[in-house]
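Those letters in the sequence shown? Residues 23 to 244, per the working numbering, in order.
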Amino acid sequence: MNFKQFCSDILILSDPETSAKMSAYMRDQFEFLGVPADKRRAASVKQFENAQDEGAVDWEFVEACWEQVFREFQYAAIDYLVLMIPFYVEDDFEKIEALIIDKPWWDTVDGFHKIVAGIVQKFPQFKENILEWSKDENIWLRRSAIIFQLSLKEKTDTELLSEIIKNNFGTEEFFINKAIGWALRQYGKTDPDWVNEFIKENKQDLSTLSYREATKIIKDGL
23 MNFKQFCSDI LILSDPETSA KMSAYMRDQF EFLGVPADKR RAASVKQFEN
73 AQDEGAVDWE FVEACWEQVF REFQYAAIDY LVLMIPFYVE DDFEKIEALI
123 IDKPWWDTVD GFHKIVAGIV QKFPQFKENI LEWSKDENIW LRRSAIIFQL
173 SLKEKTDTEL LSEIIKNNFG TEEFFINKAI GWALRQYGKT DPDWVNEFIK
223 ENKQDLSTLS YREATKIIKD GL
């Protein structure tokens, strides 16, 4: 991967007006170049088109992106890691975990859900690590544990999902309670009966926010 060329391709798209809006949307937590997702991904096409031919993740490229001040580079690293899911090796799990808690906010953390799901599906032993994440002091690891199965549909490990959610009952943390509701609502599109039953059995332990988010779609019988 040619990081210098990628930098040039992204930097030329910078837009100060859009940058200010993007930064404000993220509560001024990070600096932005002002490159929207569609333009960023279009600029990535040339750089990423042969990435899978390498057969392994280029962690130097990922780390170079992560070191940059501008948030678009972290987004690009996530796009790249999603593309490289088929080529993960066991050692990549620790690197993924490190990125989740480096410069964390909901935008990048949520972007990792397919990445985490990909490596856990390939190496199921990491389910134990995910369970530990769900009890970690770091709220972003906990959120990652809750939402990592968002896209798995019928492949969702419901026993794991249930345990992870229960490990987070009683918190007042917005990002955790929102994630619980999101995870339940999303899986409810695949198995509404399971979600209905889970909510019924645990309604007294679900926060108001989690319950509201979970029942936006599934309402019957609650």
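Note that CB positions come from ideal geometry on N, CA and C, so glycine has one too.
Whether or not the region 187-204 and the region 94-114 are in contact is what I'm after, with contact meaning three or more pairs of Cβ atoms, one per stretch, closer than 8 angstroms; do they touch? As far as the Cβ criterion goes, the region 94-114 does not touch the region 187-204, which means the pair count is below three.
Cβ-Cβ distance between residue 122 and residue 161 below 8 angstroms: For residue 122 and residue 161, no; Cβs fall outside 8 angstroms.
Take residue 214 as the anchor and find which of 176, 227, 232 and 34 has the nearest alpha-carbon. Among 176, 227, 232 and 34, the Cα nearest to that of residue 214 belongs to 176.
Using C-beta distances below 6 angstroms, list every residue in its chain close to residue 28, excluding the 5 sequence neighbours before and after it, in chain order. Excluding sequence neighbours, residue 28 sits near 69.
For residue 203, report the span of its alpha helix (DSSP H) as first-last. Boundaries of the alpha helix (DSSP H) harbouring residue 203: 196-210, taken from the DSSP string.
Once DSSP output is grouped into helix, strand and coil, what is the label at residue 83? Helix, per DSSP.
With DSSP as the reference, identify every bridge partner of residue 20, one or two as the case may be. Because the chain spans 23 through 244 in this model, residue 20 falls outside it and cannot be assessed.
Assuming residue 236 contacts residue 207 under a Cβ cut-off of 8 angstroms, what Cβ separation, rounded to an integer in Å, is found between them? The pair is a contact, with the Cβ atoms about 5 angstroms apart (cut-off 8 angstroms).
Counting only the same chain and skipping the five closest in sequence on each side, list residues whose C-beta sits under 8 angstroms from that of residue 88. Shown here for residue 88: same chain residues with a beta carbon closer than 8 angstroms to its own, the five before and five after excluded, namely 95, 96, 99, 121, 124 and 125 in chain order.
Is it buried or exposed for residue 56, if we count other Cβ within 10 angstroms and need 16 for buried? The residue is buried, with at least 16 neighbouring Cβ atoms inside 10 Å.
Where residue 167 falls: helix, strand or coil (DSSP): The three-state secondary structure of residue 167, taken from DSSP, is helix.
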